[in-house]
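Novice: Going by the working numbering, the residue at position 60 of the sequence shown is 60; the numbering climbs one at a time, nothing skipped.
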Amino acid sequence: MATVVVSALPDTSMHPDISAQPGTQDTGVESASQGSYYARVALDVPLPGLFDYRSKTATAVGQRVIVPFGQRKLIGMVVALPETPAVAPEQLREVIAVLDDLPPMPPTWLALMEFASRYYQRPLGEVMMPALPPPLRKTSAYTGKLAAGGPVKRLERRLARRRLKPEDSAPSGVAGSVEAPTLNAEQRAAVERIAAVQGHGVVLVRGVTGSGKTEVYLHAARQVLERGLQVLFLVPEINLTPQLEQALRKRFARGEGEHDSLAVLHSGLSDGERLQAWLQAFNGKARMLLGTRLAITTPLPRLGLIIVDEEHDASYKQQDGLRYSARDLAVWRGHNQGVPVVLGSATPSLESWNHARQGRYACVTLAHRAREVALPTVRMVDTRRLRLEQGFSPHLLDAMQERLTAGEQVLVFINRRGYAPVLNCSSCGWVSQCPRCTAYTVLHRRVRGAHLQCHHCGGQAPVPRACPTCGDQDLKPMGRGTQRIEEFLGEWFPEARIARIDADSTRLKGSAERLFSQVHQGEVDILVGTQMVAKGHDFANLGLVGVLNADSMLFAQDFRAPERLFAQLMQVAGRAGRHRAGGEVILQTDYPEQPVYRALQRHDYEGFARYALEERESLGLPPFAYQALLVAESRELAQALQFLETARSLPEGSPQAYPTQGQVMLYDPVPLRVVRVANVERAQLLVESHSRPALQHFLAQWSHDLFQAGRDARVRYSLEVDPFEI
């Protein structure tokens with residue numbers, strides 16, 4: 001039977017933003033005894049520790065193996081070669097197969113996985129195995145009819161049939177097919193500052209929207225590529241990859257059909273596409289890897305530069321499984337491998353900005369737009385005494401008409417998809433409620449009719465013909481989403497070509513790329529969109545941005561809400577007037593005096609950051625404190641709360657095991673704002689400390705004790721370090 005080795009990982013705390021040396025790993029092959037080998041294996045199972053197996057053949061650290069686990073067969077990763085196992089050798093089960101279709105994973109990758117496991121308090125196997133492309137961790141890919149050569153060999157044969165052999169695709173140098181534009185003084189200074197980094201260093205590039213941060217990235221990347229090294233380029237969302245991929249291919253293409261110098265990696269790819277991109281990066285044939293957050297765990301043998309664009313974006317934080325921050329892992333990986341890291345944003349996260357203030361990060365500022373076009377004018381429209389037409393003020397409608405008459409494009413931003421947030425009966429007050437969640441169902445309209453959908457559990461239901469409570473047939477939608485805005489604008493501006501870009505309209509593969517292409521080619525007059533359109537896109541003919549319903553984020557319970565709102569509004573405002581003077585932003589609000597809006601009018605990030613950091617410091621909130629969040633789920637809320645109470649009392653039962661307990665605050669358990677999702681009740685417990693090492697030492701012991709407490713209580717729980725939303 002497999003042996004759980006709980007003490008296999010050192011119990012140390014590390015900080016993604018500071019120096020940390022990983023533990024050494026033995027990557028050789030050792031024989032434990034004559035004709036017998038032992039392997040300590042990490043498996044993707046919800047159990048702490050590692051598992052010892054006996055092997056008839058030698059294995060290496062970083063090699064994958066197929067092993068029996070209960071009644072199943074799993075692929076795991078060899079992480080150690082003990083001379084003697086933790087239990088008697090005769091009690092060990094044997095390795096079924098040693099997979100040799102890939103070389104062992106490199107020590108730098110193993111170190112990154114070990115750090116992520118320790119810091120985010122997850123079993124090593126649950127970190128390592130999901131970081132691999134699905135075909136490399138599925139036993140079905142190595143058994144039955146698929147056994148011949150495994151997925152790697154099958155991919156190579158498929159590429160050979162297409163006459164696109166991987167070994168022929170590695171470029172011998174770097175040559176540009178499109179001449180790079182001349183940089184201005186600010187851009188040149190930024191590139192020189194990045195180039196001046198010797199070994200590891202973090203450079204925070206704060207540039208106003210349209211300042212040419214992408215050109216800074218490309219020039220810095222060229223210098224690295226010319227030295228024969230690889231570049232990892234991270235973006236927060238999949239829809240940002242097509243236009244950046246096109247720019248990279250034009251700038252760094254080797255010749256007709258030879259595009260393997262660039263690999264693209266994100267969750268929207270098929271398993272085969274993801275495996276191909278991963279292998280190109282792993283074997284060094286891809287000189288550049290462009291991807292979303294999952295790309296941070298890709299092994300790159302000659303990594304020379306990491307770029308994290310829009311580093312403030314919440315999409316870099318994984319919200320299930322290993323709840324890691326790709327930005328923070330990028331910083332740690334850069335330090336561990338002696339590689340410079342570039343963090344770029346018009347609105348850096350307060351954590352990164354605070355590091356720059358304290359001198360931990362170098363900081364360069366691009367204060368002017370690259371095309372010498374002024375930043376757009378931001379105008380507040382006080383809607384408290386105005387009569388609105390479907391959420392639009394007369395000022396915004398008139399401004400839209402002027403821009404359309406002038407042949408310019410207009411962007412209407414509302415961060416709420418669907419037709420209306422809720423369906424209401426005016427007779428009795430009934431509202432459309434999800435039967436499985438403590439949330440309203442959103443009205444969606446399609447060509448074939450309408451339906452109600454819950455944005456939490458995904459459940460759908462037909463629209464009732466009459467009120468379920470009183471029978472009144474006059475049910476009305478309350479509020480507005482992107483679909484309703486699109487419908488209204490089609491009636492108000494019948495000659496305008498209108499496109500909607502949100503999670504619903506881009507559900508099919510390639511649909512987002514097609515819609516954005518239509519906007520760039522001038523085939524759209526009015527673009528209605530959510531946060532998908534707010535960042536990274538360079539709309540040449542966009543003259544006006546109208547912002548609806550921004551106030552909904554002003555008074556959110558999460559302390560990070562003002563920071564997210566300011567960043568979102570700065571980003572969407574930056575889409576206006578990027579190629580010509582006279583860009584304008586009209587923001588409708590009932591609270592024009594709010595500091596967030598005032599700073600936005602002045603395009604004053606530093607002023608907002610100073611105000612926000614002073615407020616955070618006075619309240620003892622991040623980045624001046626460090627947090628972890630324990631969330632419990634159960635069929636009954638009382639059961640979840642009881643588990644959290646038990647978790648809160650665990651340190652009191654064995655204070656000697658918690659030497660840093662006095663430096664850690666455990667708050668009272670409380671229900672989540674949306675308590676029930678898919679018939680599961682949820683509650684949370686916040687853990688906080690002013691010392692990151694103290695918190696990490698506490699969490700290491702606490703997570704160990706929580707495992708047994710969770711089994712006894714029969715609840716599901718998750719522990720998130722550095723939670724992004726509370």
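C-beta atoms are modelled at their ideal positions from N, C-alpha and C, and glycine is treated no differently.
Under 8 Å, do PHE413 and VAL202 count as touching if we go by C-beta distance?
Specialist: Here residue 413 refers to the residue found at position 413 of the sequence shown. Here residue 202 refers to the residue found at position 202 of the sequence shown. Not closer than 8 Å, so no.
Novice: Rounding to the nearest angstrom, what Cα-Cα distance links GLY207 and ASP551 in this structure?
Specialist: Position 207 of the sequence shown, counted from the first residue, corresponds to residue 207. Position 551 of the sequence shown, counted from the first residue, corresponds to residue 551. Computed Cα separation, rounded: 26 Å.
Novice: Quick check: what's the CA-CA separation for ALA32 versus ALA97?
Specialist: The residue labelled residue 32 in the question sits at position 32 within the sequence shown. The residue labelled residue 97 in the question sits at position 97 within the sequence shown. Confidence at ALA32 is low in this model, with a pLDDT of 42, below 50, so its placement is unreliable and no value can be given for it.
Novice: Please determine if the stretch 37 to 45 and the stretch 109 to 128 are in contact, where contact requires at least 3 C-beta pairs separated by less than 8 Å.
Specialist: Yes, since at least three Cβ pairs between the stretch 37 to 45 and the stretch 109 to 128 fall closer than 8 Å, the two stretches touch.
Novice: With C-beta atoms as the reference, is MET570 less than 8 Å away from THR209?
Specialist: Reading the sequence shown from its first residue, position 570 is the one you call residue 570. Reading the sequence shown from its first residue, position 209 is the one you call residue 209. Yes.
Novice: Rounded to whole angstroms, what's the CA-CA distance from LYS317 to HIS335? Just pull it up for me.
Specialist: Here the question's residue 317 lines up with position 317 in the sequence shown. Here the question's residue 335 lines up with position 335 in the sequence shown. If you take the alpha carbons of LYS317 and HIS335, they lie about 20 Å apart.
Novice: Using a Cβ-Cβ cutoff of less than 6 Å, which residues in the same chain neighbour ASN549 once the five nearest sequence positions on both sides are dropped?
Specialist: Walking along the sequence shown from the start, residue 549 turns up at place 549. Correct list, in chain order: ILE414.
Novice: Would the stretch 389 to 401 count as touching the stretch 442 to 451 if we require 3 or more Cβ pairs under 8 Å?
Specialist: At 8 Å Cβ cutoff, the stretches do not touch.
Novice: With a cut-off of 8 Å, do at least 3 Cβ pairs link the stretch 114 to 122 to the stretch 80 to 92?
Specialist: No: the two stretches stay apart, fewer than three of their Cβ pairs being nearer than 8 Å.
Novice: For the alpha helix (DSSP H) containing ASN354, list its first residue and its last residue.
Specialist: One-based indexing of the sequence shown puts residue 354 at position 354. Here the alpha helix (DSSP H) through ASN354 covers 350 to 357.
Novice: How long is the line joining the alpha carbons of GLU748 and ALA503, rounded to whole angstroms?
Specialist: No answer is possible for residue 748: the residues shown for the chain start at 1 and end at 726.
Novice: Between the stretch 373 to 381 and the stretch 573 to 584, can you find at least three pairs of beta-carbon atoms closer than 8 Å?
Specialist: A contact exists between the stretch 573 to 584 and the stretch 373 to 381.
Novice: So what does MET665 bridge to, in DSSP terms?
Specialist: Locating residue 665 in the sequence shown gives position 665, where the first residue counts as 1. Note: MET665 sits in a beta bridge opposite GLU688.
Novice: Please name the residue or residues paired with PRO477 in a DSSP beta bridge.
Specialist: Taking the sequence shown and counting its residues from 1, the one referred to as residue 477 is at position 477. Note: PRO477 sits in a beta bridge opposite LEU423.
Novice: Is GLY522 helix, strand or coil by DSSP?
Specialist: Here the question's residue 522 lines up with position 522 in the sequence shown. In the structure shown, GLY522 sits in coil (DSSP, three-state: anything other than H, G, I, E or B).
Novice: Note the first and the last residue of the continuous alpha helix (DSSP H) segment covering TYR611.
Specialist: Locating residue 611 in the sequence shown gives position 611, counting from the first residue. Per DSSP, TYR611 belongs to the alpha helix (DSSP H) from 605 to 619.
Novice: For THR766, which beta-bridge partners are listed by DSSP?
Specialist: Given a span of 1 to 726 for the chain in the structure shown, any question on residue 766 remains unanswerable.
Novice: How would you write the range of the alpha helix (DSSP H) that PRO151 sits in, first residue to last?
Specialist: Counted from its first residue, the sequence shown places residue 151 at position 151. Unbroken alpha helix (DSSP H) run through PRO151: 150 to 161.
Novice: Looking only at its chain, what residues have a beta carbon closer than 7 Å to the beta carbon of ARG497, apart from the 5 residues adjacent to it on each side?
Specialist: Here residue 497 corresponds to residue number 497 of the sequence shown, with the count starting at 1. Only GLU523, VAL524 and ASP525 meet the Cβ criterion.
Novice: Count the other CB atoms within 10 Å of the CB of ASN424; is the residue buried (16 or more) or exposed (fewer)?
Specialist: As a position in the sequence shown, residue 424 is number 424, starting the count at 1. The residue is buried, with at least 16 neighbouring Cβ atoms inside 10 Å.
Novice: Could you name the residues of the same chain whose beta carbon sits closer than 7 Å to that of LYS165, not counting the 5 residues immediately before and after it, in chain order?
Specialist: Your numbering for residue 165 matches position 165 in the sequence shown. Because the pLDDT at LYS165 is just 47, under 50, the model does not fix this residue reliably, and the point stays unresolved.
Novice: Assign VAL341 to buried or exposed, taking buried as 16 or more other Cβ atoms, counted over all protein chains shown, within 10 Å of its Cβ.
Specialist: By 1-based counting over the sequence shown, the position of residue 341 is 341. That one is buried.
Novice: Please work out which residues of its chain come closer than 8 Å, Cβ to Cβ, to TYR607, disregarding the five sequence neighbours upstream and downstream, and give them in chain order.
Specialist: As a position in the sequence shown, residue 607 is number 607, starting the count at 1. In the sequence as displayed, the identity of residue 607 is Gly instead of Tyr. Counting only Cβ-Cβ distances below 8 Å, and skipping sequence neighbours, we find ALA599.
Novice: Please list, in chain order, all residues of the same chain as ARG716 whose beta carbon is under 6 Å from its beta carbon, the five residues on each side excluded.
Specialist: Along the sequence shown, one-based indexing puts residue 716 at 716. Within the same chain, ARG716 has close Cβ partners GLU633.
Novice: Between the C-alpha atoms of PRO106 and LEU279, what's the straight-line distance to the nearest angstrom?
Specialist: As a position in the sequence shown, residue 106 is number 106, starting the count at 1. As a position in the sequence shown, residue 279 is number 279, starting the count at 1. Roughly 14 Å between the two C-alpha positions.
Novice: Expressed to the nearest angstrom, what Euclidean distance is found between the alpha-carbon atoms of ASN184 and ALA370?
Specialist: Within the sequence shown, the letter at position 184 stands for residue 184. Within the sequence shown, the letter at position 370 stands for residue 370. The alpha-carbon atoms of ASN184 and ALA370 are separated by roughly 7 Å.
Novice: Less than 8 Å separating the beta-carbons of LEU411 and LEU565?
Specialist: For the purposes of this step, residue 411 is taken as the residue at position 411 of the sequence shown. For the purposes of this step, residue 565 is taken as the residue at position 565 of the sequence shown. The answer is no: Cβ separation not under 8 Å.
Novice: Beta-carbon within less than 7 Å of GLN594's beta-carbon, same chain only, minus the 5 sequence neighbours each way: which residues are those?
Specialist: Start at 1 with the first residue of the sequence shown, and residue 594 comes out as number 594. Only LEU554 meet the Cβ criterion.
Novice: For SER718, which of helix, strand or coil comes out of DSSP?
Specialist: What you label residue 718 is simply residue 718 of the sequence shown in a count that begins at 1. Reduced to three states, the DSSP call for SER718 is strand.
Novice: I need the boundaries of the alpha helix (DSSP H) containing LEU650, first residue and last residue.
Specialist: Working through the sequence shown from its first residue, we reach residue 650 at position 650. From DSSP, the alpha helix (DSSP H) with LEU650 extends over 637 to 653.
Novice: Can you give the beta carbon distance from LEU452 to ALA461, rounded, assuming they're within the 8 Å contact cut?
Specialist: Residue mapping note: residue 452 aligns to position 452 of the sequence shown, counting from 1. Residue mapping note: residue 461 aligns to position 461 of the sequence shown, counting from 1. Contact flag correct, Cβ pair sits at about 5 Å.
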